[in-house]
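Student: One structure, as structure tokens, below. Some questions next.
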Amino acid sequence: MKKIIISAVIIYLLIIIQTSFLAHFKFLYYLPNLVIVFVILLNLFESQQEKTGFIISAIAGFLLDVFLEKPFGFYTIIIVAASLVIKAIIKKYLYLKLSK
Amino acid sequence: MVSNPKTKERMKIILLSILIGAVLLMLNYTSLGEQAKNAFLLISSPMQISLWKQGQNLNHFIDKLNGIDALEREKTNLKLENEKLKAELASLLELRNENENLRKALDIGLEKEFKITMADIISKDLLQDMIVINKGSDDGLLIGFPVITPEKTLIGKIEKVFPNFSKVILTSNKNNALSAKIDGEEEIIGVTKGKGNLKIIFDLIPHEKEIKKGNFVTTTSLGGVFPKGLLIGTIDSIDYSDVKPFQTAQINPGFDFKNLDFIFVITNFKN
């Protein structure tokens, strides 16, 4: 729960910083969406048993839908689907069996 | 009864997906979505306004640092230009007096020409040329109202209104096209189209019309969307091709977020 709350706050701050502060700098125009990068990294480095990645992805999608000009659900669906794909790839190809 | 734990898990996922879908549909097709957006913007706006101002200041500072190399060259050029301008100033002073007298006689002023509302910019969309301002339907704003700078330069028009905020689509937004003209010895009428990333093109200019770099592009009253005579920008480069039916030109937008502390929304105008 603590991880979800901290991540939600970080995501909220990232959105506000990117839309209000970094929006001024022309050389940062092609900077990728920081929230999407954050969520992808979070899902990549999360252990397979944990499910908080999905919840954080859904929160990130919802917040992006609130602050950016797209219909509700646009970013939520994209980010949750991305986290599902990441988890599936990790499970299929990068599973590490720990020795006893 | 479902007893298999795997089937139970699947049922849970399906039910959850249906629930999420229903919530999203409800947010899109009822006013709940707009209320949620308005509430989040209301909470965040003090922080967003402060960050917007900080970003503006830092950008100013970086620009100054970048400009040190060019300053020396600019200094020489400016000296030459200064001499020329002194000569022009003498004749302009005479015109200024005349202009002031005429202004007094006609009583011209921004607030005399239009009914305006002042607003602050709080954020800019990441992917599109769109900004959010801190005035909304509670302040009497409606969709389609033109947004200008204090110098009467067109920024864009209101695309969406919330009770306390509005989204403004910039003239450089890809979905924005408007009728425009170049005033001169002969009037050249065309259409400006947004290209994204604060770039605008002036299109549908007939081949026989001659346009020059630095020409001012202004709005026309065609369609009644914008008041006539608002500056859109200046011609930056011209793309002339015999193959194309029309010539096009790149426009430098007349507004610059670096120097923009507040903007005006025109709530009523006479053409």
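Chains A and B are the protein sequences, given in the same order. Using the working numbering, the letters of the first sequence map in sequence onto residues 2 to 101. Using the working numbering, the letters of the second sequence map in sequence onto residues 37 to 307. Every residue gets a Cβ at the ideal spot worked out from N, C-alpha and C, and that includes glycine.
1) Output, in chain order, the set of chain A residues within a Cβ distance shorter than 7 Å of isoleucine 158/B.
2) Hey, which unbroken runs of the alpha helix (DSSP H) at 4 residues or more fall wholly within the region 39-94 of chain B?
3) For leucine 87/B, verify whether its CB is less than 6 Å away from any heavy atom of the ligand SAM.
4) Return the residues of the region 54-82 of chain B that lie within a Cβ-Cβ distance of less than 7 Å from chain A, sorted by chain order.
5) Who are the near neighbours of asparagine 95/B in its chain, counting only those whose CB is closer than 7 Å to its CB and skipping five residues on each side?
6) Taking contact to mean 3 or more Cβ pairs, one atom from each stretch, closer than 8 Å, check whether the region 260-277 of chain B and the region 166-179 of chain B are in contact.
7) Starting from serine 215/B, trace the beta strand (DSSP E) both ways and give me its first and last residue.
8) Residues of chain B with CB under 8 Å from phenylalanine 39/A, in chain order?
9) Would you kindly report the start and end of the unbroken alpha helix (DSSP H) that includes glycine 226/B?
10) Do you know offhand how far glutamate 136/B's Cα is from glycine 265/B's?
11) Against glycine 91/B, what residues of chain A qualify as contacts under a CB-to-CB distance less than 8 Å, listed in chain order?
12) Tell me which same chain residues have a C-beta within less than 6 Å of the C-beta of proline 182/B, skipping the five on either side of it?
13) Can you tell me whether isoleucine 50/B is buried or exposed? The criterion is at least 16 other CB atoms within 10 Å of its CB, across all chains shown.
14) Rounded to a whole number of angstroms, what is the C-alpha to C-alpha distance between glutamine 84/B and serine 8/A?
15) Taking the alpha carbon of aspartate 275/B as the reference point, which residue from Pro242/B, Phe298/B, Phe150/B, Thr254/B has its own alpha carbon closest?
16) Start and end of the alpha helix (DSSP H) containing threonine 1/A?
17) Quick one: is isoleucine 60/A near chain B, going by C-beta distance under 7 Å?
18) Would you mind reading off the limits of the alpha helix (DSSP H) that contains serine 202/B?
19) Can you list, in chain order, the residues of its chain with a C-beta nearer than 7 Å to that of threonine 20/A? Leave out the 5 residues immediately preceding and following it.
20) Helix, strand or coil for glutamate 195/B, going by three-state DSSP, please let me know.
21) Identify whether phenylalanine 39/A lies in helix, strand or coil by the three-state DSSP scheme.
22) Is the separation between the beta-carbon of glycine 60/B and that of glycine 74/A shorter than 7 Å?
23) Of all the CB atoms in chain A, is at least one closer than 7 Å to the CB of leucine 87/B?
24) Roughly how many whole angstroms lie between the Cα atoms of leucine 296/B and lysine 280/B?
25) Give me the chain B residues within the contact set of tyrosine 30/A, using Cβ-Cβ distance strictly less than 8 Å, ordered along the chain.
26) Mind pulling the chain B residues with CB within less than 9 Å of glycine 54/A?
27) Can you check whether the C-beta of asparagine 95/B is within less than 7 Å of a C-beta belonging to chain E?
28) Would you say aspartate 292/B lies against chain A (beta-carbon separation less than 7 Å)?
29) State buried or exposed for methionine 166/B, treating a residue as buried only when at least 16 other CB atoms are found within 10 Å of its CB.
30) Taking Cβ to Cβ, would you say valine 204/B is nearer than 7 Å to isoleucine 169/B?
31) Looking at the secondary structure, which residues open and close the alpha helix (DSSP H) in which phenylalanine 63/A lies?
32) Does the Cβ of glutamate 110/B have 16 or more other Cβ atoms within 10 Å, making it buried, or fewer, making it exposed?
33) In angstroms with no decimal places, state the Cα-to-Cα distance between lysine 101/A and asparagine 209/B.
34) For a quick check, are the C-beta atoms of threonine 53/A and isoleucine 16/A less than 7 Å apart?
35) Using a C-beta cutoff of 7 Å, does methionine 166/B count as contacting chain A?
Tutor: So, to answer that:
1) Counting from 1 along the second sequence, the entry for residue 158/B is found at position 122. The contacting residues are Ser21.
2) 41-65
3) For the ligand SAM, the structure offers nothing, since it holds no ligand at all.
4) Leu60, Leu63, Asn64, Gly69, Ala72, Lys73, Phe76, Ser80
5) Numbered from 1 along the second sequence, position 59 holds the residue referred to as residue 95/B. So the list reads Lys294, once near-sequence residues are dropped.
6) no
7) As a working note, residue 215/B is residue 179 in the second sequence. Run containing serine 215/B: 213-218, per the beta strand (DSSP E) assignment.
8) Translated into positions along the first sequence, residue 39/A becomes position 38. Simply none; closest approach about 14 Å.
9) On the second sequence, position 190 is the one that residue 226/B refers to. Taken as a continuous stretch (DSSP letters only), glycine 226/B belongs to no alpha helix (DSSP H), being part of the beta strand (DSSP E) at 224-232.
10) Within the second sequence, the letter at position 100 stands for residue 136/B. Within the second sequence, the letter at position 229 stands for residue 265/B. Answer to the nearest angstrom: the Cα atoms are 20 Å apart.
11) To locate residue 91/B, count along the second sequence from 1; it is residue 55. In chain order: Ser21, Phe22, Leu23, Ala24, His25, Phe26.
12) Start at 1 with the first residue of the second sequence, and residue 182/B comes out as number 146. Contacts found: Lys193, Phe262, Ile302.
13) The residue given as residue 50/B occupies position 14 in the second sequence. With fewer than 16 Cβ atoms within 10 Å of its Cβ, isoleucine 50/B is classed as exposed.
14) As a working note, residue 84/B is residue 48 in the second sequence. As a working note, residue 8/A is residue 7 in the first sequence. Each residue's Cα considered, the two are about 20 Å apart.
15) Along the second sequence, one-based indexing puts residue 275/B at 239. If we check each option's Cα against that of aspartate 275/B, Pro242/B comes out closest.
16) The question about residue 1/A has no answer here: the residues shown for chain A are numbered 2 through 101.
17) Position 59 of the first sequence holds residue 60/A. No, because no Cβ of chain B sits closer than 7 Å to the Cβ of isoleucine 60/A.
18) Here residue 202/B is taken as the residue at index 166 of the second sequence, counted from 1. Taken as a continuous stretch (DSSP letters only), serine 202/B belongs to no alpha helix (DSSP H), being part of the beta strand (DSSP E) at 202-206.
19) As a working note, residue 20/A is residue 19 in the first sequence. Answer for threonine 20/A: Phe68, listed in chain order.
20) Numbered from 1 along the second sequence, position 159 holds the residue referred to as residue 195/B. Glutamate 195/B: strand per DSSP, three-state reduction.
21) Within the first sequence, numbered from 1, the residue matching residue 39/A stands at position 38. Helix.
22) Here residue 60/B is taken as the residue at index 24 of the second sequence, counted from 1. Here residue 74/A is taken as the residue at index 73 of the first sequence, counted from 1. The amino acid occupying residue 60/B in the given sequence is leucine; glycine does not appear at that position. Against a cut-off of 7 Å, the Cβ pair of glycine 74/A and leucine 60/B comes out as a contact.
23) For the purposes of this step, residue 87/B is taken as residue 51 along the second sequence, with counting starting at 1. For leucine 87/B, the answer is yes, since a Cβ of chain A falls inside 7 Å of its Cβ.
24) Here residue 296/B refers to the residue found at position 260 of the second sequence. Here residue 280/B refers to the residue found at position 244 of the second sequence. The straight-line gap from Cα to Cα measures roughly 37 Å.
25) Locating residue 30/A in the first sequence gives position 29, counting from the first residue. Simply Asn233.
26) What you label residue 54/A is simply residue 53 of the first sequence in a count that begins at 1. Those within 9 Å of glycine 54/A in chain B number zero; the least Cβ separation is about 15 Å.
27) In the structure shown, chain E cannot be found, because the protein chains are A and B.
28) Your numbering for residue 292/B matches position 256 in the second sequence. Not one chain A Cβ lies under 7 Å of aspartate 292/B.
29) Start at 1 with the first residue of the second sequence, and residue 166/B comes out as number 130. Its Cβ being crowded by 16 or more others within 10 Å, methionine 166/B is buried.
30) Reading the second sequence from its first residue, position 168 is the one you call residue 204/B. Reading the second sequence from its first residue, position 133 is the one you call residue 169/B. Yes, the pair counts as a contact, with Cβ atoms nearer than the cut-off.
31) Walking along the first sequence from the start, residue 63/A turns up at place 62. Run containing phenylalanine 63/A: 53-68, per the alpha helix (DSSP H) assignment.
32) Position 74 of the second sequence holds residue 110/B. Exposed, by the Cβ-count rule.
33) On the first sequence, residue 101/A is found 100 positions in, with the first residue counted as 1. On the second sequence, residue 209/B is found 173 positions in, with the first residue counted as 1. Only weak support exists for where lysine 101/A lies, its pLDDT of 48 falling under 50; the value from the coordinates is given anyway. Each residue's alpha carbon lies about 59 Å from the other.
34) Your numbering for residue 53/A matches position 52 in the first sequence. Your numbering for residue 16/A matches position 15 in the first sequence. No, they are not a contact pair.
35) In the second sequence, the residue the question calls residue 166/B occupies position 130. Yes - at least one Cβ of chain A is within 7 Å of the one on methionine 166/B.
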